[in-house]
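Have a look at the structure below, then the notes.
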Amino acid sequence: VHEWHYRNKMQFPIGRSKKEGIIVGCYAHSSHNIINTENCHIQKHTNNVIANAVREMATKFKLSVYDEKTHYGLLRHVVGRTNRDETECMVVLVTAQPKIPRVREIVNFLRSKIPNLTSVVQNINTGRNNIIMGKECKILWGASHITDRLGSLKFKISALSFFQVNTEQAEKLYECALKYANFTLFPYTTLFRSAIANARDNNIRNAEFLTGDAAKLMPQLYRKGLRPDVIVTDPPRAGCAPEVLKTFAAMRPKRIVYVSCNPASLARDIGILDELGYKATEIQPVDMFPQTGHVESVCLLIKK
Numbered sequence: 008v009h010e011w012h013y014r015n016k017m018q019f020p021i022g023r024s025k026k027e028g029i030i031v032g033c034y035a036h037s038s039h040n041i042i043n044t045e046n047c048h049i050q051k052h053t054n055n056v057i058a059n060a061v062r063e064m065a066t067k068f069k070l071s072v073y074d075e076k077t078h079y080g081l082l083r084h085v086v087g088r089t090n091r092d093e094t095e096c097m098v099v100l101v102t103a104q105p106k107i108p109r110v111r112e113i114v115n116f117l118r119s120k121i122p123n124l125t126s127v128v129q130n131i132n133t134g135r136n137n138i139i140m141g142k143e144c145k146i147l148w149g150a151s152h153i154t155d156r157l158g159s160l161k162f163k164i165s166a167l168s169f170f171q172v173n174t175e176q177a178e179k180l181y182e183c184a185l186k187y188a189n190f191t192l193f194p195y196t197t198l199f200r201s202a203i204a205n206a207r208d209n210n211i212r213n214a215e216f217l218t219g220d221a222a223k224l225m226p227q228l229y230r231k232g233l234r235p236d237v238i239v240t241d242p243p244r245a246g247c248a249p250e251v252l253k254t255f256a257a258m259r260p261k262r263i264v265y266v267s268c269n270p271a272s273l274a275r276d277i278g279i280l281d282e283l284g285y286k287a288t289e290i291q292p293v294d295m296f297p298q299t300g301h302v303e304s305v306c307l308l309i310k311k
């Protein structure tokens with residue numbers, strides 16, 4: 008495990024203080040007070056370079072900063088993405104307005120400050136909320152994605168793609184899930200369209216991708232007669248909805264592999280699945296986030 012400088016994705020809010028001017032960094036615990044951060048020790052080096060370059064850029068070009076109270080201003084967040092060997096990286100400028108002034112000069116400035124820069128993207132989030140990214144992206148310069156690999160597979164990662172932030176530990180997580188599931192396909196961890204493209208690029212033709220709310224989609228698949236041998240689920244922190252777990256059990260797979268980022272919701276759902284006829288036989292924690300209190304777990308449940 009690399010305990011430091013492992014995060015391939017950085018999401019820092021942008022703000023302004025009377026003493027320091029424009030600040031970019033982490034929120035203080037349980038608040039929206041920004042701590043100016045020049046060297047976050049769990050971020051890959053490239054992401055710190057991106058954060059510092061965007062702070063300097065915003066200052067140099069006198070860009071306005073979004074205020075959560077007044078809802079005025081341009082810059083909301085900077086998102087940085089890099090691959091495991093840091094040969095490629097992407098800068099995402101999250102803005103509250105569609106237009107960035109002097110955008111060509113800004114792109115050229117970022118290119119001069121970030122040697123391995125592959126892509127500059129604008130993400131537009133006009134919502135009066137604390138959600139980091141909106142749905143609309145514009146490519147300001149370069150490629151629409153960076154490339155990375157997990158195991159033997161290559162992945163194209165766009166601004167909105169979900170990709171595990173700790174690449175090396177993600178391989179261990181998926182290896183454990185595959186061992187429990189007893190099959191040999193790396194899970195697809197990107198958005199729907201990216202998953203299709205990544206399957207094509209890796210010459211994988213025995214995978215089908217569906218998108219939708221699992222609470223609605225799983226019962227539909229059950230009614231259509233789907234009866235899988237294995238179900239692998241990786242829900243958000245809240246865990247699985249009860250109807251999803253009931254559908255899992257109704258499909259009568261031999262095993263269920265549950266990947267969890269929240270031990271509390273995992274414990275709750277294991278209890279529900281136990282009542283539905285599935286016994287948890289193995290649980291393997293994986294330290295995906297060193298220096299934090301978070302842990303991922305992979306659980307194998309066998310039909311009783």
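For the sequence shown, our numbering assigns the number 311 to the last residue and increments by one with no breaks.
Here a beta-carbon is modelled for each residue, glycine too, at the ideal position from N, C-alpha and C.
Note that this is a predicted model, so its numbers are computed, not measured.
Assumed close pair residue i, residue j - CB separation to whole angstroms, cut-off 8 Å
| i | j | result |
| --- | --- | --- |
| G246 | R275 | 6 Å |
| V305 | A184 | 5 Å |
| N123 | E95 | 6 Å |
| Y13 | N189 | Contact flag wrong, Cβ pair sits at about 29 Å. |
| Y187 | E289 | 7 Å |
| I131 | H84 | So it is not a contact: roughly 12 Å between Cβ atoms. |
| G80 | A103 | 6 Å |
| A256 | G284 | 6 Å |
| R91 | N15 | 7 Å |
| G158 | E175 | Actually they do not touch by this definition, with Cβ atoms about 11 Å apart. |
| V8 | P297 | 6 Å |
| N209 | L160 | 5 Å |
Collapsed DSSP secondary structure at residue i in the structure displayed
| i | result |
| --- | --- |
| C247 | coil |
| V56 | helix |
| E215 | coil |
| E289 | strand |
| E93 | coil |
| N130 | strand |
| N269 | coil |
| P20 | strand |
| T44 | coil |
| T125 | strand |
| T299 | coil |
| E27 | coil |
| T102 | strand |
| L117 | helix |
| G278 | helix |
| L82 | strand |
| E143 | strand |
| T7 | As displayed, the chain neither begins before 8 nor continues past 311, which places residue 7 out of reach and without an answer. |
| L3 | Not covered by the structure: residue 3. The range shown for the chain is 8 to 311. |
| R14 | strand |
| L70 | coil |
| R88 | strand |
| L224 | helix |
| R109 | coil |
| L252 | helix |
From the options, residue whose alpha carbon lies closest to that of residue i
| i | options | result |
| --- | --- | --- |
| M17 | M64, N189, P105 and N55 | N55 |
| T89 | L82, N189 and M97 | M97 |
| I49 | L117, E10, I42 and I290 | E10 |
| F170 | E27, L252, N213 and D241 | D241 |
| C144 | V61, I107, D155 and K67 | I107 |
| K261 | V85, L308, V251 and L273 | L308 |
| H152 | H52, T218, S165 and I30 | S165 |
| K51 | V114, N115 and V86 | V86 |
| T4 | K179, P292, A204 and V110 | Residue 4 cannot be examined here, being either before or after the span of the chain that is shown, 8 to 311. |
| V42 | P20, S168 and V114 | The sequence given here places Ile at residue 42; Val does not occur at that position. That would be P20, whose Cα lies nearest to the Cα of I42. |
| N137 | R156, S126, V101 and I146 | V101 |
| Q291 | R156, Y181, L167 and G284 | Y181 |
| V61 | Y34, Y285, L117 and H36 | L117 |
| V31 | G134, L82, V114 and S126 | L82 |
| K142 | W148, T133, M225 and G149 | T133 |
| S24 | S71, V293 and N15 | S71 |
| G149 | D281, V128 and G219 | V128 |
| E250 | T299, M295 and D220 | D220 |
| Y73 | S159, C33, K311 and I29 | I29 |
| A206 | L228, R156 and L273 | R156 |
| P226 | D236, A248 and N209 | A248 |
| E63 | C33, V237 and I113 | I113 |
| S38 | N15, E75, T53 and K26 | E75 |
| C268 | M295, L252 and L280 | M295 |
| R200 | S168, E178, Y229 and L228 | S168 |
| G300 | P270, I238 and K310 | P270 |
| P105 | F68, I121, I146 and S119 | I146 |
| V237 | R230, M258 and L224 | M258 |
| P235 | K310, G22 and K223 | K310 |
| L224 | K26, K253, N209 and F162 | K253 |
| I121 | E93, V110, R111 and L280 | E93 |
| P211 | F162, T77 and F68 | Note that residue 211 is Ile in the sequence shown, not Pro. Closest option to I211, Cα to Cα, is F162. |
| V110 | T77, H78 and K67 | K67 |
Proximity test, Cβ basis, 8 Å: residue i and chain C
| i | result |
| --- | --- |
| G246 | No chain C appears in this structure, which consists of one protein chain only. |
Touch test, the stretch 208-215 against the stretch 262-270, Cβ-Cβ under 8 Å, three pairs minimum: No: the two stretches stay apart, fewer than three of their Cβ pairs being nearer than 8 Å.
Any alpha helix (DSSP H) of 4 or more consecutive residues that is wholly inside the stretch 147-212: 174-188 and 199-208
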